[in-house]
Amino acid sequence: MTQRPQLFIFGLFLTLLLNSTFAHSADEDVATQQANPQAKPTLKLKQVTISATKTARDPIMTPGEVSIIEQETFQQRQAQSLDDVLRYQPGITSESGPRQMGESPNIRGLSGARVLTLIDGQRMNFQSGHKGRTFIDVDLLKRVEVIRGPGSALYGSQAIGGVVAMETKDPSDYLGPDGQFAISQKFGYQRNSDEILTSTALAGRLSEHVEFMAYGLLRGADNIRIGDGFGELPNSGQDNAAGLGKIVWKPTAHDQAEFSVYVTRQAAGIPFNSNTNPTNTASISDRKNRQFNYRLGYTHNNPDNPYINLNGFVYHNTLDVTERQLSNGTRDDINFDTTGFDLRNSMNLGNPEFHHHNITVGTEFYTNNQESTGNRATGARLFFPEANSYVYGLYIQDEITLFNDRAVLIPGLRWDHWENKAKGQSKKTADRVNPKIGGVVKATDFLFLTANYAHGFRQPGFDDLFVSGTHFPGSVFLPNPNLKPEKSRNIDAGLRIVLPRVFSENDQLIWKGAYFRNKVRDFIDQDVNFNFGTFQLEFMPVNVTKALLQGFESELAWLPTDNITVRANFTYTRGTDQTTNEPLTTIPAIRGLLGMDYYHVPWGLTIGGRTQITGDQKRAPDGTAKTGGYALFDIYLAMQPPQSFFDQLGTPWLHGLRVNAGIDNLTDLKYRRHLSNLPEAGINPKVSVAYTFVLPSSP
């Protein structure tokens with residue numbers, strides 16, 4: 008696509024957004040329609056965010072920007088990776104793809120360890136520039152929330168750019184309210200990489216107090232095919248095996264304990280730097296990732312006691328990365344463990360008709376331990392030194408509701424103390440306090456005004472503080488134990504509109520638009536100097552950059568008729584290094600999404616399509632590759648008929664059948680995302696079939 012037509016399309020698209028454009032997806036309501044064939048599809052006005060405030064809240068009345076992606080969306084898209092889940096959301100993209108092992112989320116131009124990733128509240132703290140951030144198969148997830156903007160007032164370090172909070176499936180997702188036992192089998196095929204997926208889930212309700220589930224998955228894919236007949240991307244295939252087990256105990260109507268184990272194994276032949284395409288086998292490794300997550304959680308919520316609403320969990324995660332160099336068989340072994348807990352209590356105080364307080368007080372502790380062995384000359388022993396850290400945090404938040412729920416004010420504050428140390432090097436300790444305050448005012452029955460101010464920070468990691476030694480002949484890494492934490496101050500301001508009737512008695516519209524401005528200080532970057540005494544290049548991490556990131560995000564969902572939903576979003580981000588006045592390298596291109604779904608409720612059928620238009624990204628530092636714009640087109644179909652559909656066919660035993668089909672990158676476009684060095688996948692027809700049988704409880 009040439010630049011001039013693309014700019015015209017963007018101008019037209021932006022005009023559409025500004026004249027009609029936030030929204031919550033209507034995807035989640037499909038299940039309701041399938042259960043009741045006479046139900047009309049509606050936009051879900053009662054979605055709940057559980058991550059933005061660590062309490063359940065209506066996102067319309069929650070300061071700050073959050074995206075909520077439900078399980079129906081995962082199934083509809085037949086997502087292969089977390090990138091597939093997130094790529095159509097505003098303000099977030101992935102970099103270092105398309106090899107799944109190397110992908111890392113980028114929120115508003117900040118990525119890597121500047122984005123906190125959580126699985127059921129457990130921190131995924133491993134950070135490496137070339138080995139990825141997420142090690143979970145998305146087929147095990149039922150929900151993902153993305154907090155766009157600093158979340159350090161509740162989550163501490165790493166949440167300087169935002170938070171990606173993932174939630175795994177539960178037994179009740181298969182059993183429903185009345186099932187005693189359930190078994191679910193799924194098969195899927197994606198043509199682009201000849202990926203085959205198979206999964207089996209078994210769930211049971213042993214009594215009114217005890218539920219369990221066991222889930223197993225295998226996924227295997229060959230090399231990715233590039234668009235427009237440009238062949239394959241070498242060393243891009245991957246095999247996954249994953250398992251999830253949960254036991255839920257509900258001793259009373261107000262108490263619940265849960266124990267879960269998540270296991271995953273990823274294997275691939277992949278370059279040591281996954282964002283490159285080398286031809287030398289010395290740069291290719293046989294890599295295996297093995298992750299084990301253990302979690303024990305407890306909640307207590309008695310509506311008759313407004314002073315105690317407990318939520319706590321302890322966890323232990325261990326990640327083992329093994330890389331064997333294909334050219335000579337030398338290998339690296341990296342072990343990274345995180346152990347911690349999070350405990351909080353919420354108290355409801357005040358008069359709901361005038362002013363009401365929901366005060367949350369919590370504490371968090373976690374420790375990271377890193378070890379490595381190997382016989383590769385510039386491998387794990389250099390980049391992953393033996394090190395550990397201890398972090399302790401205290402936080403408080405008050406959700407203040409005013410004027411009979413017409414306004415909310417949410418201040419919060421968190422204090423963190425951390426200690427980093429490595430074998431043979433000096434210890435680093437520091438403290439940090441991060442505040443936030445935000446509010447939403449319901450100005451009219453349909454118009455909401457919102458503003459949010461929050462601090463974020465990131466403590467220096469092991470790779471910043473302790474990496475030392477010869478990188479290659481003539482170059483060395485020098486540690487810098489005096490690094491300061493990265494800090495940010497972010498402002499969000501926006502409008503939200505909820506209209507039940509726009510052009511007729513039946514249509515509905517939700518729109519959200521926000522401007523953000525994030526100032527980052529003490530940004531950690533590499534300083535490179537030539538030492539004339541040793542005739543070597545010296546690389547040292549230093550606090551040098553003052554950065555400014557700002558932009559605009561908008562979302563729309565509109566239900567013009569009973570059977571059609573239109574959605575759109577738009578993202579514009581601009582980043583500047585205020586020290587050099589140069590553009591930042593991590594800023595994604597301007598982009599927008601436009602999609603439409605048609606629902607045929609009696610059949611439980613959804614047919615839809617979407618186009619994502621991405622602009623040129625020419626605003627990049629000298630020496631950094633620029634990217635051209637492109638437009639992607641996807642189509643999809645999902646069918647999960649209700650019981651009445653199969654009763655009419657005389658096949659009631661088929662109830663529980665679901666079929667998904669679709670084609671991604673319909674035009675087989677060859678394109679490259681700005682934050683990746685490699686071309687993305689071409690056309691990808693895909694299909695999956697799942698069947699869930701539920702045995703109801705005895706009367």
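In my numbering, the protein residues as written are 8 to 706.
Each residue gets a CB set at the ideal place from its N, CA and C atoms; glycine is no exception.
On a predicted model such as this, the values are computed, not experimentally measured, just so you know.
Taking one beta carbon from each stretch, the region 678-689 and the region 588-605 have 3 or more pairs nearer than 8 Å; the two touch. Three or more beta-carbon pairs drawn from the region 544-564 and the region 525-532 are found closer than 8 Å, and the two stretches are therefore classed as touching.
For the pair of segments examined, the region 404-420 was found to touch the region 160-180: the number of CB pairs separated by less than 8 Å reaches three. Between the region 322-332 and the region 289-296 there are three or more inter-stretch CB-CB distances shorter than 8 Å, so the stretches are counted as touching.
Using a Cβ distance threshold of 8 Å, residue 468 and residue 208 do not count as a contacting pair. Taking C-beta atoms as the reference points, residue 204 and residue 226 count as a pair closer than 8 Å. Under DSSP, no beta-bridge partner is assigned to residue 181. As the crow flies, the alpha-carbon of residue 61 is around 16 Å from that of residue 415. Residue pairing of residue 545 in beta bridges, as defined by DSSP: 483, 536. One Cα belongs to residue 626, the other to residue 660, and the distance between them is close to 58 Å. Residue 143 and residue 126 do touch by the CB rule: their CB atoms are close to 6 Å apart, below 8 Å. For residue 72, there is no enclosing alpha helix (DSSP H); the enclosing beta strand (DSSP E) covers residues 72-77.
Per DSSP, the continuous beta strand (DSSP E) segment holding residue 404 begins and ends at 394-409.
Residue pairing by DSSP puts residue 295 in a beta bridge opposite 274, 329.
Contact between residue 253 and residue 697 is absent: CB atoms are separated by about 19 Å, not below the 8 Å threshold. Residue 364 is classed as exposed because its beta carbon has fewer than 16 other beta carbons within 10 Å across all chains shown.
By the Cβ criterion, the region 453-461 is in contact with the region 499-511, since at least three pairs of Cβ atoms, one from each stretch, lie closer than 8 Å. If you compare the alpha carbons of 273, 409, 395, 630 with that of residue 449, the shortest gap goes to 409.
The continuous alpha helix (DSSP H) containing residue 159 extends over residues 159-162. Taking a cut-off of 8 Å for Cβ pairs, the region 182-189 and the region 67-78 do not touch, as fewer than three such pairs fall below it. DSSP, reduced to helix, strand and coil, places residue 523 within a strand of the structure shown. At the C-beta level, residue 368 and residue 352 come within 8 Å of one another. The Cβ-Cβ distance between residue 424 and residue 443 does not fall below 8 Å.
In the same chain as residue 397, and ignoring 5 residues on each side of it, the C-beta atoms closer than 6 Å to its own belong to 374, 426, in chain order. Cα atoms of residue 341 and residue 357: separation of roughly 52 Å, rounded to the nearest angstrom. Taken atom to atom, the span from the alpha-carbon of residue 150 to that of residue 179 is near 14 Å. A straight-line Cα-Cα distance of about 52 Å links residue 665 and residue 429. Under DSSP, residue 671 takes part in a beta bridge, and its partners are 691.
Around the beta carbon of residue 93, 16 or more other beta carbons lie within 10 angstroms, which makes this residue buried.
When beta bridges are read from the DSSP output, residue 216 appears opposite no residue. Counted as a single uninterrupted DSSP element, the alpha helix (DSSP H) harbouring residue 650 occupies residues 650-656. Annotation: residue 261 to residue 586 spans about 54 Å, alpha carbon to alpha carbon. DSSP places residue 471 in the uninterrupted alpha helix (DSSP H) bounded by 469-472.
Shown here, residue 350 sits in a strand according to DSSP, grouped into three states.
Between residue 223 and residue 250, the C-beta gap is smaller than 8 Å, which places the two residues in contact. In the structure shown, residue 131 adopts coil according to DSSP, grouped into three states.
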